[in-house]
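Notes follow once the structure below has been shown.
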Ligand SMILES: [Zn+2]
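Residue numbers (my numbering): 445 to 921.
Next up, the structure:
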């Protein structure tokens, strides 16, 4: 399948459009076809393919699973080792202020090109996360490259019971001709979010080697996104970036500007215990209250019963004995009113059930986890417009979908850095049958590079609408 990827660079104010064949095709002899005039220097598509794949294979093999039981950030040693490796590579790429904080956050700055620093061009950030979910196997992770996928089901060589079937993964059929990366079937692959990191790092390398005018770019690789603590040690207000994108989405072209509103609830029923032999009229068994409570949660509002824009309440842990039982739940809803209604429901059910059992008492604690970022993103529509333009110029059709979950960007948006989410190309994440097409990773790199190029143009357009002039100048690269 001939796949065309366009990378548009603006060098010295001479627009140059490159039509790039797919890496698979390019390796067969079709290289680059410059259109237009002017000085041109950029990597051939097969080079981008090789660079992003090499990085991804190296990164994926490092076990960076986070640990939800650990108290300190990062919650695993593997994340720290990965962070150190990335700092070395960022320094090797010549970025400024490369470092890792004591709690495992990697930071680096790509300075603006001359004349593009300062007022009028907001500092742009890119964020990915270092950790993965647990490996689902003993490890190590052994990534497998299925060269030039020819169609059909993919049987994973380390555990042949793990099969990526086309009938369950319809998009796989669209990737014929691309290299596909999977694990060997004994673990997850960890493309969430190693693919995002490999793509951002490759985009940075392209920007260093083939610079065109751009503003200041900030990079942050964060620990423990999967444990929900990725923003716990992040100071959004102190970060130089005023707007950012997480590269932590999934299928090609996906963009997320909407997440759930999220809360967690802890419901504890207190009874009274005594020896069962003399319990008549004395014992109040909290286990029955917990059972009634679980039974009373609406069955049609369970995660396994809903999709699309429907929220849910989901009990995920029950602990206790006769004296006291604690039920822990998560509550999710795209609307804030909807989330509040779910909180009210949990409180009302717990109270009603305790009242129905003489001597029983209920306590409900609710903690807000994150909020839907959409109201924040909606105030800055250029964030979506720029990303959509960057994707289209990379030959990608943008698909805006709400995330039935959260991102680090949701919390960051409420710390003053509006932050939608871009695709990485990862598919079926958190499973042993996770996969990613390298052609899609190349498109993600192109999208990031295009976004960096578009950013000052967008700032100039906004400034001219407001009657101001942003600090940019022509000439020089
Ligand atoms: Zn992720």
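Glycine residues also receive a C-beta, built at the ideal position from the N, C-alpha and C atoms.
Values in this document were obtained by computation on a predicted structure and should not be read as measured data.
Residue environment, residue i, which counts as buried when at least 16 other CB atoms sit within 10 Å
i	result
residue 692	buried
residue 587	buried
residue 930	Nothing about residue 930 can be reported from this structure: the residues present for the chain run from 445 to 921 only.
residue 792	exposed
residue 575	buried
residue 619	buried
residue 566	buried
residue 718	exposed
residue 841	exposed
residue 616	buried
residue 903	buried
Sequence-distant residues of its chain with Cβ nearer than 6 Å to residue i (five each side left out)
i	result
residue 865	690, 692, 693, 700, 851, 853
residue 812	707
residue 843	697, 698
residue 670	510, 575, 577
residue 810	707, 709, 787
residue 846	702
residue 645	499
residue 609	597
residue 583	507, 631
Proximity of residue i and residue j at Cβ, strictly below 7 Å
i	j	result
residue 571	residue 664	yes
residue 873	residue 636	yes
residue 504	residue 632	no
residue 827	residue 680	no
residue 662	residue 685	yes
residue 599	residue 625	no
residue 862	residue 821	yes
residue 740	residue 713	no
residue 794	residue 711	yes
residue 890	residue 838	yes
residue 591	residue 628	no
residue 880	residue 639	yes
residue 527	residue 539	no
residue 597	residue 630	no
residue 829	residue 564	no
Separation of residue j from residue i, as counted between CA atoms
i	j	result
residue 595	residue 521	39 Å
residue 746	residue 775	10 Å
residue 835	residue 738	45 Å
residue 869	residue 802	55 Å
residue 924	residue 489	This structure does not reach residue 924, given that the chain is present from 445 up to 921, and the question cannot be answered.
residue 725	residue 735	20 Å
residue 545	residue 720	55 Å
residue 814	residue 825	21 Å
residue 762	residue 751	25 Å
residue 768	residue 758	20 Å
residue 909	residue 568	21 Å
residue 816	residue 727	44 Å
residue 770	residue 716	14 Å
residue 614	residue 799	51 Å
residue 783	residue 754	11 Å
residue 533	residue 772	42 Å
residue 732	residue 808	17 Å
residue 918	residue 901	Residue confidence is low: residue 918 scores 35 on pLDDT, short of 50, so the model does not pin down where it sits. Its coordinate-derived value is still stated next. For residue 918 and residue 901, the distance between alpha carbons rounds to 12 Å.
residue 905	residue 557	19 Å
residue 523	residue 542	17 Å
residue 529	residue 496	16 Å
residue 687	residue 760	35 Å
residue 512	residue 519	7 Å
residue 911	residue 683	28 Å
residue 535	residue 743	53 Å
residue 491	residue 621	17 Å
Own chain partners of residue i with C-beta closer than 7 Å, once the 5 adjacent residues on each side are dropped
i	result
residue 485	Low local confidence applies: a pLDDT of 40 at residue 485 is under 50, so the model's placement there is unreliable, with the coordinate-based value given in what follows. Excluding sequence neighbours, residue 485 sits near 654.
residue 673	517
residue 756	745, 746, 747, 750, 776
residue 525	506
residue 531	542, 543, 544, 550
residue 818	701, 702
residue 766	715, 717, 727, 729, 730, 731
8 Å Cβ shell around residue i - same chain, five flanking residues per side excluded
i	result
residue 561	555, 659, 660, 915
residue 651	554, 658, 661, 893, 896
residue 516	547
residue 875	580, 632
residue 675	666, 852, 855, 856, 859
residue 537	645, 648, 649, 652
residue 601	588, 628, 629
Nearest-angstrom beta carbon gap, residue j and residue i [assumed within contact, 8 Å]
i	j	result
residue 500	residue 642	4 Å
residue 709	residue 607	So it is not a contact: roughly 38 Å between Cβ atoms.
residue 695	residue 878	Not confirmed; about 12 Å, so no contact.
residue 549	residue 677	6 Å
residue 778	residue 704	6 Å
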